[in-house]
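Structure record follows, encoded as structure tokens.
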Amino acid sequence: MIQIAACSDIHSPKYIKEFENSLKQIKKKIDLFLFAGDLILKGKYEEINKLIVILDKYEITNIYSIFGNEEYTPLYEKIFELAANKITFLKDQIKILKIKTKTVGIIGTKGSLDRPTFWQAKNIPDISKTYTERIKKIEGLLKNLKADFKIFVTHYAPTYLTLIGEKKSAFPSIGSKRFEPILKKFPPDIVIHGHSHMGRKFAYLGSIPVYNVAFPLRKAITFIKLPIKGSLLSYF
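Counting from 3, one number per residue, gives the positions in the sequence shown under our numbering.
Quick look at the structure:
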């Protein structure tokens, strides 16, 4: 088995203690740790240092993340610099890893919204265009990704199926269902997202397992197992 741990929306310092308490419970070696954004609260980039100290304390390695909406775009370079020796951030990128006997391909992106938030529409020029172009780029990455296991990690939900529990009128400002036909056409083995604090923990998009790993929703780190043999996925 390949053991994956996944989490998002720690919003450090808000949930950092609870995150550490959850990390303490890990008994097995984690082969891959994936963060789905919003590691920090409202641009407090220094909080990355606090997270790194905790990850070092529990000897967590092979860590990949994407940016959430609270890792503000102008802070990306500072976050890259602070996290450089511990966390690899993916920005609409592919990373191919060799884990045990398998190749694991990760596509990481902030994701897109079907309707920009009021603040985004007012303050970020051409944000709707950016979201549309990002979806097209991710389609290309999914089409060309070659690996034994394919994992799609995004902050915003790439389906409305895991948003049930949120206000239905808010769905377009929490995720984008425009990813759904793309994911069905070029299916990854796993989809991981965050951002939705009141949605569903898990859903199937066709046959694709979609995990909402937002810490405020789950109150814990999510664990996913990839089989070295066979085709079943499981999580606990």
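Glycine included, every Cβ here is placed at the ideal spot set by N, Cα and C.
Quick caveat: nothing in here was measured; it's all calculated off a predicted structure.
State the Cα-Cα distance for the pair LYS139 and ASP94, rounded to the nearest angstrom.
-> What you label residue 139 is simply residue 137 of the sequence shown in a count that begins at 1. What you label residue 94 is simply residue 92 of the sequence shown in a count that begins at 1. Roughly 8 Å separates the two Cα atoms.
Taking 7 Å as the cut-off, decide whether the C-beta atoms of ALA38 and HIS195 are in contact.
-> Here residue 38 corresponds to residue number 36 of the sequence shown, with the count starting at 1. Here residue 195 corresponds to residue number 193 of the sequence shown, with the count starting at 1. Yes, the Cβ-Cβ distance between ALA38 and HIS195 is below 7 Å.
Determine which residues share a DSSP beta bridge with VAL212 and list them.
-> Counted from its first residue, the sequence shown places residue 212 at position 210. According to DSSP, which records beta bridges pairwise, VAL212 is partnered with VAL193, ALA205.
So, is TYR66 buried or exposed, given that buried needs 16 or more other C-beta atoms within 10 angstroms?
-> In the sequence shown, counting from the first residue as 1, residue 66 sits at position 64. Per the 10 Å Cβ criterion, buried.
What did DSSP end up calling LEU34 once you bin it into helix, strand or coil?
-> Taking the sequence shown and counting its residues from 1, one reaches residue 34 at position 32. LEU34: strand per DSSP, three-state reduction.
TYR66 bridges to which residues according to DSSP?
-> Along the sequence shown, one-based indexing puts residue 66 at 64. Answer is LEU36, THR90.
Residue range of the beta strand (DSSP E) that LEU99 falls in?
-> As a first step, residue 99 is located in the sequence shown; it is residue number 97 there, counting from the start. Unbroken beta strand (DSSP E) run through LEU99: 95-101.
Under a Cβ-count criterion, where at least 16 other Cβ atoms within 10 Å of its own Cβ denotes burial, should VAL106 be classed as buried or exposed?
-> The residue given as residue 106 occupies position 104 in the sequence shown. With 16 or more other Cβ atoms inside 10 Å of its own Cβ, VAL106 counts as buried.
So, is ILE18 buried or exposed, given that buried needs 16 or more other C-beta atoms within 10 angstroms?
-> As a working mapping, residue 18 is identified with position 16 in the sequence shown. Buried, by the Cβ-count rule.
Contact under 7 Å by Cβ, PHE21 with ILE12 | For the purposes of this step, residue 21 is identified with residue 19 of the sequence shown, where counting begins at 1. For the purposes of this step, residue 12 is identified with residue 10 of the sequence shown, where counting begins at 1. It is a contact, given that the beta carbons lie within the stated cut-off.
With 16 as the cutoff for other CB atoms within 10 Å, does SER209 come out buried or exposed?
-> Taking the sequence shown and counting its residues from 1, one reaches residue 209 at position 207. With a 10 Å radius around the Cβ and a threshold of 16 neighbouring Cβ atoms, SER209 comes out exposed.
What are the boundary residues of the beta strand (DSSP E) that THR224 is part of?
-> One-based indexing of the sequence shown puts residue 224 at position 222. Unbroken beta strand (DSSP E) run through THR224: 224-228.
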